[in-house]
Structures are given as C-alpha cells and as structure tokens.
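Novice: Chains as they are written, first to last, in the numbering used here: chain A, 1 to 509; chain Z, 510 to 664. Cβ coordinates follow ideal geometry from the N, Cα and C atoms, glycine included. None of these values were measured; they are calculated from a predicted model.
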Amino acid sequence: MTRVFVPRDAAALALGAEGVANALRSEAAKRDLPLEIVRTGSRGLHWLEPLIEVDTPKGRIGYGPVAVPEIAAVLDAGMLKGQHHAKCVGVVDEHLWLKRQTRITFARCGIVDPLSLKDYEAHGGLKGLSRAHTLGAAATIDAITKSGLRGRGGAGFPTGVKWKGASDAAADRKYVVCNADEGDSGTFADRMIMEGDPFLLIEGMAIAAFAIGATKGYVYSRSEYPHANATFTAALTIARNAGLLGKTFDIELRVGAGSYVCGEETALLESLEGKRGQVRAKPPLPVHEGLFGKPTIINNVLSLATAPWIMTNGAEAYAAIGHGKSRGTMPIQLAGNVKHSGLFEAPFGMTLGEIVDKIGGGTASGRPVRAVQCGGPLGAYFPRALFDTPYDYEAFAAADGLIGHGGIVVFDDTVDMAAQARFALEFCGIESCGKCTPCRIGSVRGVEVIDRIVKGEARERNLALIEDLCRTLKLGSLCALGGFTPYPVMSALRHFPEDFMGAKRAAAE
Amino acid sequence: MNERSWNPERITEIVSAHAHLEGPLLPILHAVQAEFGFIPRDAIPVIAKGLNVTRAEVYGVVSFYHDFREQPAGRRVVKICRAEACQSMGGRTLAERVLKHFGTDWGGTSSDGAVTIGPVYCLGLCSVAPAALIDGEPHARLDMPTLVKAVEAKP
Ligand SMILES: Cc1cc2nc3c(=O)[nH]c(=O)nc-3n(C[C@H](O)[C@H](O)[C@H](O)COP(=O)(O)O)c2cc1C
Ligand code: FES
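#1: In terms of DSSP beta bridges, what is Arg-254 of chain A paired with?
#2: Would you say Arg-384 of chain A and Asp-413 of chain A are within 8 angstroms of each other, going by their C-beta atoms?
#3: Pro-517 of chain Z to Trp-47 of chain A, Cα distance in whole Å?
#4: Looking at chain Z, is there any beta carbon in it that lies within less than 8 angstroms of the beta carbon of Val-6 of chain A?
#5: Report yes if the C-beta of Leu-560 of chain Z is less than 7 angstroms from at least one heavy atom of ligand 2; otherwise report no.
#6: Can you look up Asn-511 of chain Z in the DSSP assignment and give me helix, strand or coil?
#7: Can you pull every residue whose C-beta falls closer than 5 angstroms to some heavy atom of ligand 2, listed in chain order?
#8: Can you round the beta-carbon distance between Tyr-175 of chain A and Thr-296 of chain A to whole angstroms, since I take them to be within the 8 angstroms contact cut?
#9: Hey, out of A:Thr-351, A:Lys-358, A:Leu-291, A:Leu-352, whose CA is closest to Asp-172 of chain A's CA?
#10: Taking the beta carbon of Thr-329 of chain A as the centre, do at least 16 other beta carbons fall within 10 Å, making it buried, or is it exposed?
#11: Closer than 8 angstroms, CB to CB, is Phe-387 of chain A near chain Z or not?
#12: Within this structure, are the beta carbons of Ile-104 of chain A and Glu-354 of chain A separated by less than 8 angstroms?
#13: Assuming the contact rule is C-beta atoms closer than 8 angstroms, Ala-77 of chain A and Glu-49 of chain A should be a hit. Round their C-beta distance to whole Å, please.
#14: Asp-184 of chain A versus chain Z: which residues are under 8 angstroms apart at the beta carbon?
#15: Could you tell me whether any non-hydrogen atom of ligand 3 is closer than 7 angstroms to the CB of Thr-159 of chain A?
#16: Could you say which of A:Asp-9, A:Met-79, A:His-323 lies nearest to Phe-35 of chain A if we only look at CA atoms?
#17: For chain A, find out if any of its Cβ atoms is closer than 8 angstroms to the Cβ of Pro-554 of chain Z; answer yes or no.
#18: Write down the C-beta distance between Gly-376 of chain A and Asp-184 of chain A rounded to the nearest angstrom, noting that I regard them as a contact closer than 8 angstroms.
#19: For Asp-451 of chain A, is the classification buried or exposed, using 16 other Cβ atoms within 10 angstroms of its Cβ as the cut-off for buried?
#20: For His-648 of chain Z, which residues in chain A fall below 7 angstroms Cβ to Cβ?
#21: Which of the three DSSP states, helix, strand or coil, is assigned to Glu-301 of chain A?
#22: Does any C-beta atom of chain Z lie closer than 8 angstroms to the C-beta of Val-255 of chain A?
#23: Taking contact to mean at least 3 C-beta pairs separated by less than 8 angstroms, is the segment 245–263 of chain A in contact with the segment 202–219 of chain A?
#24: Against chain A, with Cβ distances strictly below 8 angstroms, would Asp-551 of chain Z count as a contact?
#25: Note down the Cα distance separating Ala-138 of chain A from Ala-166 of chain A, rounded to an integer number of angstroms.
#26: Is Phe-573 of chain Z close to chain A, meaning its C-beta is less than 8 angstroms from at least one C-beta of that chain?
#27: Just checking: is the beta-carbon of Ser-597 of chain Z within a distance shorter than 8 angstroms of some beta-carbon in chain A?
#28: Between A:Ala-257, A:Met-350, A:Glu-203, which lies nearest to Leu-538 of chain Z when the distance is taken from Cα to Cα?
#29: Do Ser-341 of chain A and Val-629 of chain Z have their C-beta atoms within less than 8 angstroms of each other?
#30: So the beta strand (DSSP E) Lys-588 of chain Z belongs to, where does it begin and stop?
#31: Looking at ligand 1, does it come within less than 7 angstroms of Leu-481 of chain A, judged from the CB to the closest heavy atom?
#32: Can you give the Cα-Cα distance for Phe-157 of chain A and Leu-302 of chain A, rounded to whole angstroms?
#33: Once the 5 residues before and after His-85 of chain A are set aside, which same chain residues still bring their CB inside 6 angstroms of it?
#34: Check distances from the C-beta atoms of the segment 395–415 of chain A to those of chain C and list, in chain order, the residues that come in under 8 angstroms.
#35: Per the contact definition of three or more C-beta pairs closer than 8 angstroms, is the segment 224–242 of chain A in contact with the segment 112–119 of chain A?
#36: Give a yes or no on whether the C-beta atoms belonging to Met-192 of chain A and Leu-386 of chain A are separated by under 8 angstroms.
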C-alpha cells in the first residue's frame with residue numbers, strides 16, 4: 001500500500017485539490033494500484049498546488065501543480081514509485097525553497113495528517129506541554145520571556161511579558177484568547193496552522209493556560225475561513241476525547257462575522273461578549289480586565305503556536321536565531337503578484353529584496369516589481385529603493401513601515417499607487433468601528449482629498465491637507481486602524497509621487 | 510440557498526440551545542442565518558427576549574457585522590475578495606466585470622434571484638489570487654470565464 005499525500009489546505013482546495021484526490025482514487029482503482037490517500041495541510045509552496053506527494057524509500061516525492069486531467073498520465077508514468085514526469089519536483093524536503101527555510105512554527109505543516117493526534121506526537125507534538133508541566137508555571141513564563149518571542153499578530157509585544165501580567169493578576173477565572181481573525185490582506189499563516197497542524201495551536205494554548213492559570217480558552221476565527229474552522233473544530237473534539245482538553249482547560253471556537261476591526265484585541269473581546277466590535281479605551285489592559293472583566297491574554301495564532309517549540313527546545317535555542325531585537329523566525333507570507341508565492345519561514349534579518357526577488361522570484365506576471373505592501377492593509381508600500389531594509393521589527397519601523405503579521409504583497413509596474421492610497425482610506429472607512437471621529441470621518445474625507453489630488457484640483461493645498469489629515473488619524477485615533485492607515489497612504493505619496501499627478505497613469509488597471 | 514421559512518418557535522429553540530454559552534449572541538445569529546439564510550427582522554425581539562437584552566442591542570449587533578443579512582440572499586452566494594493581494598492580480602477589473610455580467614452591484618442579487626455578490630476583504634488565498642468563495646467553497650486564480658462558470662455550475 002503506497003501512501004499518497006494530497007493537501008486539503010484551502011489554497012490547494014481553491015485550485016482543485018478535492019477533484020485531484022477523487023481522480024487519484026478512481027484512476028488508481030482502475031489500474032488496481034493500491035494506495036492510501038492521506039489529506040494534509042500545505043507545505044506552503046503555493047505556486048505548486050495542488051502538490052501531490054508519494055511516500056517512497058527515497059523520501060516523499062512531489063508532483064505539482066497537478067490538474068485532474070493529468071492524473072492518469074502521472075500515474076502511468078510511475079508516480080507511485082516516484083518516477084519521472086514533467087510535473088515531478090523531486091524529493092520535497094530537498095526542494096530548495098524548503099531547504100532555505102528554518103521551519104519552527106511550521107515544522108509539521110503539510111507533512112502530518114492534521115487530525116491524527118498519533119501523527120502529531122510522532123512528530124514531536126505534546127513535548128512542549130509536558131516540559132512546561134515539569135518546569136512549572138513560573139519557569140514556563142520565564143522561558144517564553146527569555147526566548148525573545150514577540151507577538152506575531154502585528155504589534156510585536158513581548159509574549160512573556162504579557163503572560164507574566166496575567167499570571168500576576170489575581171482572579172477566580174482567567175482566559176486565554178487566541179486571535180485567529182487574520183484579516184490582513186497578504187496573510188494566511190494562521191489559516192495554514194489551523195488547517196495543517198491544529199494540535200499545535202491547541203498545545204500552545206494549553207501551555208499559555210497552564211502558565212497564567214486559565215481554565216478557559218477561546219479561539220476567535222473568521223467566517224471567511226470555513227475550512228479552517230471545520231478542521232479546528234474536529235481537532236478540538238479529538239483533543240477532548242483524548243483527555244488533552246476538558247479536564248483543567250478547555251477551548252471553544254468562535255467565529256466572527258466579517259469585521260476587520262474585530263481583529264483588534266479589545267474589539268475582539270467585545271465581539272466575544274456578543275457586542276458590536278467596538279474598540280475599548282485602554283487602560284485597563286486586557287491582562288488585568290479582559291474578557292468578561294477577567295484577566296485575559298490575547299495572542300495571535302503564531303505566537304501561541306511557537307510556544308511548544310520554545311518549551312521543547314529551550315528559550316536559548318530560539319533566542320539564538322534572529323536579528324537585532326527580533327528573535328526567532330517569522331513565517332513570511334509571499335502573496336499577490338509574485339512568482340513563488342506561499343509560506344516561507346525564516347529567521348529575521350533577510351533583506352526585503354532577497355525575500356521578494358530571490359525567494360519570491362519576482363512577479364507572477366513577469367513584469368518588474370514596482371511596490372510591495374508589507375504588514376497588511378495598514379502597512380507601508382515599499383519601493384525597490386528600500387529593498388535593502390532588513391526584515392526585522394525595528395528596521396522596518398525605521399523605514400516608516402511595519403512587519404505586522406508577516407504578509408508581503410507584491411505589485412508589478414501596472415499598479416496605480418494613487419488607487420492603492422485611496423483604497424487604504426476607503427477600507428479604513430468601511431471597517432471603522434465608528435467609535436472615534438478621525439477614523440470614521442477622516443477616512444472618508446481622505447478618499448475625497450485623494451480624488452481631488454489626482455484630478456489636479458488645488459494640488460499643493462490638497463497635498464498639505466492629506467498630510468495634515470494623516471497626522472490627525474495617526475495621533476487622534478483610538479486604535480491602529482485609524483492610527484496606521486497613514487502608513488500605506490503616506491508611503492504611496494512619498495515613494496510614488498508620480499502616480500498622483502493626474503490622468504497620466506490612470507487606466508493602468 | 511433554500512431557506513426554510515422561519516418561525517418564532519424555532520428561533521426560541523436556537524436561543525435555548527446556545528443559552529449555556531458565555532456571550533451567546535454571535536453564535537445565535539450565525540445559527541439563525543445558517544438555517545434561514547438571513548436574520549428576519551421579527552426574529553430580533555424573540556432573540557432579545559430569550560437573552561434578556563433590548564431589541565436595540567440585538568439590532569445593533571446585527572447591523573454592525575457585514576456578514577449578517579436582513580434580506581434573503583440569492584440561490585448562490587459569491588464573495589469576491591476586494592483586498593490588496595487580489596488587486597495586485599487584477600481583482601478590481603475581475604470584480605467589475607462579474608458584477609456587470611450578473612447585472613448587480615456589491616451586496617446585490619441578480620434580478621433572477623440566482624446569485625448574490627458580496628465583497629470580502631481577504632480570504633487567506635492571497636498567494637493564489639484573485640480569489641472568491643462560492644457558497645463557502647474557495648476558488649482561486651480566477652478569471653472572468655472561470656468564475657462565471659463556477660457560479661453557473663450546478664451546486
Ligand atoms: C485593526 C486591527 C486589526 C488587527 N487584526 C489582528 C488580527 O487579525 N490578528 C491578530 O493576531 N492581531 C490583530 N491585531 C493586533 C491585536 O490587536 C493584538 O495586538 C494581537 O492580537 C496580540 O497578539 P500577539 O501579541 O500575539 O501579537 C489587529 C490590530 C488592529 C488595530
Ligand atoms: S487579498 Fe484576496 S484573498 Fe487575501
């Protein structure tokens with residue numbers, strides 16, 4: 001019986017992986033070829049999806065991208081023995097794109113059966129939790145602090161410090177909340193973990209709960225991720241049946257309802273409580289008064305999913321990797337108009353240019369790369385002139401940008417940067433929770449001002465006005481939705497002023 | 510989508526089934542919409558009563574979240590991503606053409622009731638853009654013919 005792996009990751013499904021799995025089953029049956037199909041997450045080489053892998057004595061050999069009509073030919077070429085075919089990419093572990101990575105958080109994703117707890121343990125799962133139990137809560141928090149792990153949701157706040165805060169707060173009930181709202185365009189790493197290695201998130205949350213003394217955890221996911229939610233729900237049931245959850249700690253999945261601002265941690269808490277997703281004023285900090293007024297840590301999926309590795313391998317091992325104050329690895333998500341798109345986990349410190357040109361291989365369209373937006377819709381647009389910026393929190397901040405949740409969206413030379421700046425303001429207006437005026441009203445005014453600039457109406461005055469408006473948004477907004485919208489707007493204006501000169505570049509899209 | 514017609518008894522049942530949860534309102538609204546295809550205006554007082562909150566509070570939540578519909582949708586629901594990664598791969602033009610093809614605007618339903626097209630801001634399919642969800646199923650690297658074919662295919 002040959003084992004064949006076919007991803008069930010949403011990106012693979014979106015490219016026809018379900019049909020590929022079915023065709024594989026029926027074509028193999030027709031040929032009397034015995035095979036067992038294992039559905040996995042994705043390895044992250046998304047330009048090769050659907051990527052089929054075959055277990056061979058040489059290792060897992062990949063074929064991709066494979067379409068349904070090709071299945072018969074690939075089988076006839078001897079796929080089950082790992083034999084050559086035009087779509088064969090060789091031993092997947094030896095693929096240069098994977099070889100160049102340092103897979104810590106994504107060590108298992110795409111390899112294991114996401115819903116086999118046995119597989120999870122066989123690949124090193126649950127060791128971190130048991131190590132935490134051995135060390136005790138205080139030493140666990142200490143390890144997370146010493147590892148240098150910073151929040152992967154965007155703000156880069158030290159995870160250990162947050163845990164310590166909640167641990168020190170006395171209360172009859174505490175919560176661990178996982179932020180799986182992943183609303184940033186260009187990001188999908190949380191989704192990949194929930195679909196490809198859900199027990200990792202469960203283990204990470206269990207470690208966090210043990211560390212701070214929480215009994216209940218919530219994962220706040222999004223309605224845009226139906227497959228991730230289904231897989232994660234199934235994983236929760238398996239974990240509960242295995243006794244991993246339900247004794248001292250349990251987790252419940254909650255699903256948002258199409259609101260970007262609910263990814264902001266206090267809006268998320270409001271939403272979990274069943275209210276409108278409006279941002280809360282801080283203080284009080286959630287670690288003191290969070291969900292239902294109880295001490296709560298809110299962490300991104302990736303922050304939590306990295307805790308098990310740190311506990312298993314030690315804080316020093318994690319802290320030994322990285323660049324400057326950005327320790328460890330970042331699961332970088334290469335998206336948009338890029339040739340080699342997908343998930344690339346690497347230590348901090350590569351330059352932006354290396355990531356986009358060397359790893360990403362330039363654009364998918366084959367045209368020159370003109371701009372990349374880093375860190376989601378609130379992140380800056382970088383021109384090629386800034387491609388020597390090292391990928392770390394401080395270096396990006398110094399370049400008036402942000403790393404955010406690790407998304408990099410590539411644009412070719414047909415992009416109209418005035419349209420991108422306009423969209424950033426429009427998006428802010430659409431998603432504003434309405435609580436503060438700069439964000440609610442300023443965004444709408446901003447769209448009008450950009451339109452006037454592009455039309456050439458009182459250019460100088462309107463350019464000064466947009467700058468002033470951005471300052472107001474930055475300083476006067478209650479949260480980073482309004483506060484960071486100036487990043488994409490001002491970076492577009494600063495680095496691509498020629499696009500704001502009127503009809504010249506219009507009609508580009 | 511083939512909605513069953515709603516009735517207050519069923520809403521009360523849904524509310525009771527979720528009563529044990531902390532902060533049950535969003536799960537209740539999702540369950541109501543999953544069953545009936547939208548949140549009927551007259552269901553709001555029933556939910557409010559069941560949770561012992563005001564109608565205004567429930568309505569405030571329904572109106573805040575983009576997902577909750579107050580009218581039934583078309584037979585198929587298409588959510589086209591409008592966010593940046595999809596824009597970089599021609600998503601804007603694609604969306605305009607699709608809306609025109611079905612003769613509707615964002616959030617609208619084609620006149621024959623076949624399809625409702627809504628905007629969505631990122632589906633996590635940014636590496637295989639442009640993307641859309643059709644009745645909850647992901648579709649990627651879309652162009653006009655592929656998307657129209659997928660929408661018009663038998664569910
Ligand atoms: C408008 C807005 C949207 C956000 N969306 C997310 C999100 O989708 N996922 C996330 O983890 N953090 C998001 N954040 C950041 C959270 O507020 C918070 O910093 C984070 O969840 C903390 O977890 P971490 O320390 O592990 O990063 C968002 C912030 C803002 C202002
Ligand atoms: S931007 Fe369209 S799927 Fe992410």
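Specialist: On the basis of the supplied data:
#1: A:Tyr-220
#2: no
#3: 49 angstroms
#4: no
#5: no
#6: A caution first: Asn-511 of chain Z carries a pLDDT of 42, below 50, which makes its placement in the model unreliable, though a value can still be read off. Here Asn-511 of chain Z sits in coil by DSSP.
#7: A:Ser-185, Z:Cys-590, Z:Ala-592, Z:Ala-594, Z:Cys-595, Z:Cys-631, Z:Leu-632, Z:Leu-634, Z:Cys-635, Z:Ala-640
#8: 4 angstroms
#9: A:Leu-291
#10: Counting Cβ neighbours within 10 Å, Thr-329 of chain A comes out buried, since at least 16 surround it.
#11: no
#12: no
#13: So it is not a contact: roughly 20 angstroms between Cβ atoms.
#14: What Asp-184 of chain A touches in chain Z: Cys-631.
#15: This structure lacks ligand 3; its bound ligands are ligand 1 and ligand 2.
#16: The amino acid occupying residue 35 of chain A in the given sequence is Leu; Phe does not appear at that position. Answer by Cα proximity: A:Met-79.
#17: No - not a single Cβ of chain A is within 8 angstroms of the one on Pro-554 of chain Z.
#18: 3 angstroms
#19: exposed
#20: Ala-14
#21: One point to set straight first is that residue 301 of chain A is Val, not Glu, in the sequence displayed. In the structure shown, Val-301 of chain A sits in a helix (DSSP, three-state: H, G or I).
#22: So yes, Val-255 of chain A belongs to the interface.
#23: Segments in contact, yes.
#24: no
#25: Going by the C-alpha atoms only, they are around 12 angstroms apart.
#26: yes
#27: yes
#28: A:Ala-257
#29: no
#30: 585–590
#31: yes
#32: 13 angstroms
#33: In its chain, beyond the 5 residues on either side, Val-74, Ala-77 have a beta carbon closer than 6 angstroms to the beta carbon of His-85 of chain A.
#34: Included in the structure are the protein chains A and Z, with no chain C among them.
#35: yes
#36: Not closer than 8 angstroms, so no.
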